[in-house]
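Residue numbers (the numbering used here): 924 to 1256. The next block holds one structure in the form of structure tokens; read it before the comments.
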């Protein structure tokens, strides 16, 4: 880590709730935009040095450490304490697993607010101004101290002392700074929330980024490329060559990049070469009917005029008029 790099952080994702308002469905596995809600949250905290998920293990888009509160189903405070025991960084981002619009930039904003404020925690507030303690960054020392005090106050120093405690008991004992973000704090508690989230990501401003993220997750690709470059390439190939050339060209650019270094730079270089080729094709198409300078266009030549080499000389060989000394036409001539 260099002097300009931000300090490392750990992430704790709570994914073991009962989801009663979803009829007991496994909420972290519910798909929004083709991706499980849990995977969407894991993508947002991909910069964490260690990610701990408090839930029963299941397939995820990237490796994580699994743990459970004791007993399972003991509530968010007990789950948070169980996850915290596996962290070592000075800061921990605590997230619920039902945040479809959480982004990595939001996590970074929370961490920046925490460091700048000197508070114990920085948390998001929703559209109504309510605190969201499960979309927050905490100083782990303050968090451990407060959780230990809560457990002791409930007569038990273990997880059982935190079972069933509401999160407001935790946040009430901490010095907080708040970051308003109505969209990132949107969570999915009901099927109506799920339907709303699925509709929102198909809006014009979100659908392309959502689709690219979903495809990368589905194919197991962890590569950030300039999508504008690829879109421009597809446009040039479609206009300069033929419409089906657009998807085929972008596929070949990806294949060429994979055969080389395989990173964003390789994609950009291959796209630049293919775009230049498409422009050359377009230029050739635009000049296909032009003649070299000085050549008389065929349309300007008199209709029926023969080239000079083929035009017979007057009264000469090949002329219809007999020349001097020629025999007069006679029978059979």
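All C-beta atoms, glycine included, are put in the ideal place defined by N, C-alpha and C.
Give a yes or no on whether the C-beta atoms belonging to residue 1201 and residue 1193 are separated by under 8 Å.
For the purposes of this step, residue 1201 is taken as residue 278 along the chain shown, with counting starting at 1. For the purposes of this step, residue 1193 is taken as residue 270 along the chain shown, with counting starting at 1. In this structure, the beta-carbon distance from residue 1201 to residue 1193 does not fall below 8 Å.
Would you list the one or two residues that DSSP bridges to residue 932?
Translated into positions along the chain shown, residue 932 becomes position 9. Beta bridge pairing from DSSP links residue 932 with 1014.
Taking three-plus beta-carbon pairs below 8 Å as touching, is the stretch 1048-1061 in contact with the stretch 955-973?
Contact between the stretch 1048-1061 and the stretch 955-973 is absent, because fewer than three Cβ pairs lie under 8 Å.
I need the DSSP call for residue 959, collapsed to helix, strand or coil.
For the purposes of this step, residue 959 is taken as residue 36 along the chain shown, with counting starting at 1. If DSSP states are grouped into helix, strand and coil, residue 959 belongs with the strands.
Indicate whether residue 1197 and residue 1156 have their beta-carbon atoms separated by less than 8 Å.
Taking the first residue of the chain shown as position 1, residue 1197 is located at position 274. Taking the first residue of the chain shown as position 1, residue 1156 is located at position 233. Cβ atoms of residue 1197 and residue 1156: closer than 8 Å.
Can you tell me the Cα-Cα spacing of residue 1136 and residue 1146, whole angstroms?
Counting from 1 along the chain shown, the entry for residue 1136 is found at position 213. Counting from 1 along the chain shown, the entry for residue 1146 is found at position 223. Whole-angstrom Cα-Cα distance: 10 Å.
Is there contact here, the stretch 1001-1017 with the stretch 1031-1048, by at least three beta-carbon pairs under 8 Å?
At 8 Å Cβ cutoff, the stretches touch.
Take the Cβ of residue 1174 as the centre, count every other Cβ of all protein chains shown within 10 Å, and call the residue buried at 16 or more, exposed below.
What you label residue 1174 is simply residue 251 of the chain shown in a count that begins at 1. Exposed is the call here.
Please classify residue 1237: does DSSP put it in a helix, a strand, or coil?
For the purposes of this step, residue 1237 is taken as residue 314 along the chain shown, with counting starting at 1. Per-residue confidence for residue 1237 stands at a pLDDT of 47, beneath the threshold of 50, marking its modelled position as unreliable; the derived number appears in the next sentence. Three-state result, residue 1237: coil.
Reduced DSSP secondary structure (H/G/I, E/B, other) of residue 1054:
Residue mapping note: residue 1054 aligns to position 131 of the chain shown, counting from 1. Note: residue 1054 maps to strand in three-state DSSP.
Residue 938 versus residue 1067: straight-line alpha-carbon distance, rounded:
Residue 938 sits at position 15 when you count from the first residue of the chain shown. Residue 1067 sits at position 144 when you count from the first residue of the chain shown. One C-alpha to the other measures close to 20 Å.
Can you pull the DSSP bridge partners for residue 989?
Taking the first residue of the chain shown as position 1, residue 989 is located at position 66. Note: residue 989 is bridge-paired with 976 in the DSSP secondary-structure output.
Rounded distance between the beta-carbons of residue 1109 and residue 999, thought under 8 Å
Walking along the chain shown from the start, residue 999 turns up at place 76. Walking along the chain shown from the start, residue 1109 turns up at place 186. Not really, about 18 Å apart at Cβ, beyond 8 Å.
Looking at the strands, I want to know which residues DSSP matches up with residue 1048.
On the chain shown, residue 1048 is found 125 positions in, with the first residue counted as 1. Paired residues: 1054 and 1103.
Any idea if residue 1154 is buried or exposed, counting beta-carbon neighbours within 10 angstroms, 16 or more meaning buried?
If you number the chain shown from 1, residue 1154 lands on position 231. Counting C-beta atoms within 10 angstroms of its own C-beta, residue 1154 has fewer than 16 neighbours from the protein chains shown and is therefore classed as exposed.
Can you round the beta-carbon distance between residue 952 and residue 972 to whole angstroms, since I take them to be within the 8 Å contact cut?
Residue mapping note: residue 952 aligns to position 29 of the chain shown, counting from 1. Residue mapping note: residue 972 aligns to position 49 of the chain shown, counting from 1. With a beta-carbon spacing of about 26 Å, residue 952 and residue 972 fall beyond the 8 Å limit used to define contacts.
So, at 8 Å on beta carbons, what are the nonlocal neighbours of residue 1033 in its own chain, with the 5 sequence-adjacent residues on each side left out?
Numbered from its first residue, the chain shown carries residue 1033 at position 110. The residues are 1016, 1045, 1046, 1047, 1058, 1059, 1060 and 1102.
Enumerated in chain order, which unbroken segments of the alpha helix (DSSP H) with a length of 4 residues or greater are wholly contained in the stretch 1127-1210?
DSSP runs (the alpha helix (DSSP H)) wholly in the stretch 1127-1210: 1127-1142, 1150-1163, 1168-1182 and 1187-1209.
Please state whether DSSP places residue 1088 in a helix, a strand or coil.
As a first step, residue 1088 must be located in the chain shown, where it is residue number 165. The answer is coil: DSSP assigns residue 1088 none of H, G, I, E or B.
With a threshold of 7 Å on Cβ separation, who are the neighbours of residue 1140 within its own chain once the five nearest residues in sequence on each side are excluded?
In the chain shown, counting from the first residue as 1, residue 1140 sits at position 217. Its chain contains 958, 962 and 984 as the residues whose beta carbon lies nearer than 7 Å to that of residue 1140, once the 5 sequence neighbours on both sides are disregarded; these appear in chain order.
Let's test the definition: count the other Cβ atoms within 10 Å of the Cβ of residue 1132 and tell me whether it reaches 16, buried, or not, exposed.
Taking the chain shown and counting its residues from 1, one reaches residue 1132 at position 209. Exposed.
With DSSP collapsed to three states, give me the class of residue 1019.
On the chain shown, position 96 is the one that residue 1019 refers to. In this structure, residue 1019 counts as strand in the three-state DSSP scheme.
Give the secondary structure of residue 1062 by DSSP, where H, G and I count as helix, E and B as strand, and everything else as coil.
Stepping through the chain shown from its first residue, residue 1062 is reached at position 139. Reduced to three states, the DSSP call for residue 1062 is strand.
Residue range of the alpha helix (DSSP H) that residue 1029 falls in?
On the chain shown, position 106 is the one that residue 1029 refers to. For residue 1029, the uninterrupted alpha helix (DSSP H) run begins and ends at 1027-1040, by DSSP.
Exposed or buried, what is residue 1104 when buried is set at 16 or more other beta-carbons lying within 10 Å of its beta-carbon?
Residue 1104 sits at position 181 when you count from the first residue of the chain shown. Classification for residue 1104: buried.
Collapsed DSSP secondary structure at residue 939 in the structure displayed:
As a position in the chain shown, residue 939 is number 16, starting the count at 1. Of the three classes helix, strand and coil, the one that applies to residue 939 here is coil, per DSSP.
Is residue 1008 helix, strand or coil by DSSP?
Walking along the chain shown from the start, residue 1008 turns up at place 85. DSSP places residue 1008 in the coil class of the three-state scheme, outside both helix and strand.
If you reduce the DSSP assignment to three classes, tell me which class residue 1123 lands in.
Residue numbering aside, residue 1123 sits at position 200 when the chain shown is read from its first letter. Here DSSP, grouped into helix, strand and coil, assigns residue 1123 to helix.
Cβ of residue 1064 within 8 Å of Cβ of residue 997?
As a working note, residue 1064 is residue 141 in the chain shown. As a working note, residue 997 is residue 74 in the chain shown. The Cβ atoms of residue 1064 and residue 997 lie no closer than 8 Å to each other.
If you reduce the DSSP assignment to three classes, tell me which class residue 954 lands in.
Stepping through the chain shown from its first residue, residue 954 is reached at position 31. DSSP places residue 954 in strand when its eight states are reduced to three.
Go through its chain and collect everything with a Cβ distance to residue 1121's Cβ below 6 Å, but skip five positions before and after it.
What you label residue 1121 is simply residue 198 of the chain shown in a count that begins at 1. Hits under 6 Å: 955.
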